[in-house]
Amino acid sequence: MVVVVVVVVVVVVVVVVVVVVVVVVVVREINKQVYIDEYDYKKMFQQGHGKELVQKCGELAVQKGTEYFGVADYGNCYFGKAPDVSKVAKVTPSDGCDKYCEWDIGGPGSMVIYQVKVTTSKPECQSQHLGYQINAIQWAMNQGCYRSWPSRSVLPHYTSVNVWGDFNILRVNGYGHAGAVVKACGRLAAEKGVSYFGVENYASCSFGNNPDFTVDEVTEYQGCNISCSLDVGHTGVMVVYKIGTLNI
């Protein structure tokens, strides 16, 4: 099973672990709060995720003292201490996970489950999206945003392929992320049979199986909110992804 980490900012820093496969779940109404009307669904559609809504549900879970929460029907938050998934079914690609699992907030009759963990450390930079599905059975999971020099980078530049000609920069900026570019690089990585790929300068893909993670990460002080904001890096900055297989 693939696990992803995002951050919910409250009085303390909370790390939320999300199970990527979505399950169809029945829960008690007493643990439910609805936030559908508070969020701009046009904006969510453009961004390709419901990160703000997930963070809101996570903050409420912390306030309630529950270890788990779920998001269903594009905005219904559910809470509990021990979710029972033994009698429910996972949503698979054949079931239409692109429909039911998109935006990280569940669709009709489906729920994305999150686990809350408190930590004293605060990641300085956050990705716009938890990961991107690159084909029917594989995901590209964000591993961080790193400095990239001609002489040294997480993945070798000699493997680079530029895919920018296939994309519209205005559309990418409007979405708030460049998921289509990440998916294109991810599909190339899958075809090459490598476990890692990076995206630099908006559309330059690099590939490999032995990433050098001793390269400096880009920090908030160094401008990660600009250089890493679209999930596709910048000049001298590479966002690295690891390919994982869905447990279906």
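Each residue of the sequence shown is one higher than the one before, counting from 820 in this note's numbering.
For each residue, glycine too, the CB sits at the ideal point set by N, CA and C.
Small disclaimer: the values here were computed from a predicted structure and weren't measured.
The beta carbon of F1026 is closer than 6 Å to those of T978, A1008, K1011, V1013 and F1016 in its chain, skipping five residues each way along the sequence. Taking all protein chains shown into account, N961 has 16 or more neighbouring C-beta atoms within 10 Å of its C-beta and is therefore buried. Contact annotation, I924 with L872: C-beta distance approximately 6 Å; criterion of less than 8 Å satisfied. The closest CA to that of Y897, considering only V881, C876, A908 and D903, is found on C876. For K936, the closest of V890, G884 and P1030 by C-alpha to C-alpha distance is G884. For the pair M1057 and G869, the Cα-to-Cα distance works out to about 24 Å.
Exposed is the label assigned to W968, since fewer than 16 other Cβ atoms lie within 10 Å of its Cβ. For A959, the three-state secondary structure derived from DSSP is strand. The shortest CA-to-CA distance from N981 to any of R971, S972, L974 and C1004 is the one to C1004.
Excluding the 5 residues flanking it on each side, R966 has same chain C-beta neighbours closer than 7 Å at V1034, D1035, V1037, G1055 and V1056, in chain order. DSSP, read as helix, strand or coil, puts I924 in coil.
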